[in-house]
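Only one structure is covered here, and it is reproduced in the block below.
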Ligand code: FAD
Ligand code: NAI
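In this note's numbering, the protein residues as written are 683 to 1144.
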């Protein structure tokens, strides 16, 4: 048995970042991880592998659709699926071993195995019990299940199975037009699958700005994705190689069946707390099965904290990371802080979709006096040169004070562009502050400046 200042359970973006920050603050720290590699869902079966496949399939799309127009002639590349998976695995390995290196560098002990909390101040890993002044739970999340749909990770898969299919399916049905469904759906559509997305609601990516939702769905339709909206999936019937998906249209209750070689179930994720022994130790949960915490990420049991997907808030790697750093600082007696009003969201399709702050619908609901500044990438020279003129930047600002309240981007590099608006919002900037800032030419970021100008006297290039 060893004694630590902090033991963190889970080594995803929440846990590993928290461990590193604890070590930097001079605490003796260990991190428990049951997987064979560090990095959690994000590095092993989430953010990183999905982005590798998104990148590879985007390159194929560019070669097929845009190379010839730029004078790059020759046979289009064909898909070597095994090699693409190998590239994805190599990318995962580079990232997970990177965390192992950072653990060694920061003298963080990796306690290998599944951990539980027999009582406050103790963590049991396999047969060993370790003492800890503070315990931070960062056990993450798992895919939510759907009644009538049995996942076998071969034909009926979650995102985990979808990242390692035996071959590119001819027909794929995606249940859920959320982030996972649209990112992975667009990967397989670009690789040649016929992809049908069945969504319960009438809009894609619920909660996003409505204008972006419409443009996003239209863009994906143009790329070949088929959408069945307002449809409640009843069940799947799968054999070893095929499946049937039965759904009812909500508007008329009519029942329909679609065939698929692979069904991807992407209807959300839920907190993962199995085996931690939280009941026995008396940790309070929310009605939605999340660990309840206060503003310092502490549970109702003194000395036990929780961060990341296992608590409330968006299930995003960077949200987990920020909480990891802030919780470490709390534990070290400092003042860790997360600004939940400025957490960007990014969907890594092509074009990318990114958002921060309020949507226009939220501002209407709040009765806010706001203005909208919009600029299309069609008016951006760099975007036109790069076949990336689809999409726009939309900035929402307070009509009286000009303070930026939210931003929504669909277009090239949206996931990078959003950050200058995040920084501006952190500093309480006005749209004019952005508009008065010199932006290099020719860059996509000029579209952000033009949208900010559109909140005032008007953009130049539109
Ligand atoms: P996790 O990353 O889930 O890590 C928890 C870790 O704890 C796991 O490794 C688990 O094995 C371990 N663990 C659990 N219980 C125990 C125990 N008792 N003992 C020992 N170890 C335990 N987010 C983004 O921001 N950007 C993206 O591009 C993105 N893409 C995604 C793509 C996919 C396909 C998926 C599924 C998710 C994606 N996400 C993305 C979400 C992101 O992965 C999560 O928000 C993030 O991983 C949450 O981090 P976490 O540290 O809370 O938990
Ligand atoms: P999600 O919550 O984004 O989307 C789920 C979708 O399924 C919703 O549109 C919902 O209306 C629909 N749905 C629910 N029940 C249904 C039913 N019975 N029939 C048809 N449709 C149904 O969840 P998703 O895509 O599974 O992602 C889980 C989490 O992972 C998200 O919270 C997201 O934050 C995170 N993630 C983030 C990524 C990113 O940041 N780029 C990438 C992938 C995942």
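We put the CB at the ideal spot given by N, CA and C, even for glycine. Predicted, not measured: the structure shown is a model, and the values here were computed from it.
Exercise. Can you list, in chain order, the stretches of the beta strand (DSSP E) that have 3 or more residues and sit fully within the stretch 979 to 1054?
Worked result: 986 to 988, 1027 to 1029, 1034 to 1039
Exercise. Which term fits residue 763, buried or exposed, when burial requires 16 or more other beta carbons within 10 angstroms of its beta carbon?
Worked result: exposed
Problem set entry | Close-in-space but distant-in-sequence residues of the same chain around residue 1125 (CB under 7 angstroms, 5 per side omitted) | 1064
Problem set entry | Beta-carbon contacts of residue 1071 that lie in its chain and below 8 angstroms, excluding the five residues immediately before and after | 1058, 1059, 1060, 1062, 1065
Exercise. Can you tell me whether residue 898 is buried or exposed, with buried defined as 16 or more other CB within 10 angstroms of its CB?
Worked result: buried
Exercise. Name the DSSP bridge partner or partners of residue 1109?
Worked result: Bridge partners of residue 1109: none, in fact.
Exercise. Residue 1069 to residue 956, Cα distance in whole Å?
Worked result: 47 angstroms
Exercise. When we look at the beta-carbon of residue 901 and count the other beta-carbons within 10 Å, is it buried (16 or more) or exposed?
Worked result: buried
Exercise. Since residue 758 sits in a beta bridge, which residues does DSSP pair it with?
Worked result: DSSP lists no partner for residue 758.
For this session: Go to residue 901, then tell me how far its alpha helix (DSSP H) extends in each direction, as first and last residue.
Result: 892 to 904
Exercise. If you compare alpha carbons, which of 685, 1136, 1106, 1021 is closest to residue 814?
Worked result: 685
Exercise. Which residue from 698, 1080, 851 puts its Cα closest to that of residue 941?
Worked result: 851
Exercise. If you count every other CB in all the chains shown that lies within 10 Å of the CB of residue 783, and 16 or more means buried, which is it?
Worked result: exposed
Exercise. Quick one: is the Cβ of residue 997 within less than 6 angstroms of any heavy atom of the ligand FAD?
Worked result: yes
Exercise. Roughly how many whole angstroms lie between the Cα atoms of residue 958 and residue 930?
Worked result: 38 angstroms
Exercise. First and last residue of the beta strand (DSSP E) that includes residue 801?
Worked result: 797 to 801
For this session: Determine the DSSP secondary structure at residue 790, reduced to helix, strand or coil.
Result: coil
Exercise. Quick one: any contact between the stretch 1103 to 1112 and the stretch 1080 to 1088, if contact means 3 or more CB pairs under 8 angstroms?
Worked result: yes
Exercise. Given a threshold of 16 other Cβ atoms within 10 Å of its Cβ, counted over all protein chains shown, does residue 760 qualify as buried or as exposed?
Worked result: exposed
Exercise. Nearest to residue 1112 by alpha carbon, out of 1120, 1135, 916?
Worked result: 1135
Exercise. Where DSSP assigns a beta bridge to residue 1121, which residues make up the other side?
Worked result: Beta-bridge pairing links residue 1121 to no other residue.
Exercise. With a CB to CB cut of under 8 angstroms and the five nearest residues on each side skipped, what residues in its chain are close to residue 826?
Worked result: 949, 950, 951, 952
Problem set entry | With 16 other Cβ atoms within 10 Å as the buried cut-off, status of residue 750 | exposed
For this session: State yes or no: is the C-beta of residue 928 within less than 7 angstroms of the C-beta of residue 838?
Result: no
Problem set entry | Sub-7 angstroms separation of residue 907 and residue 877 beta-carbons | yes
For this session: Quick one: give me the first and last residue of the alpha helix (DSSP H) that residue 730 is part of.
Result: 729 to 747
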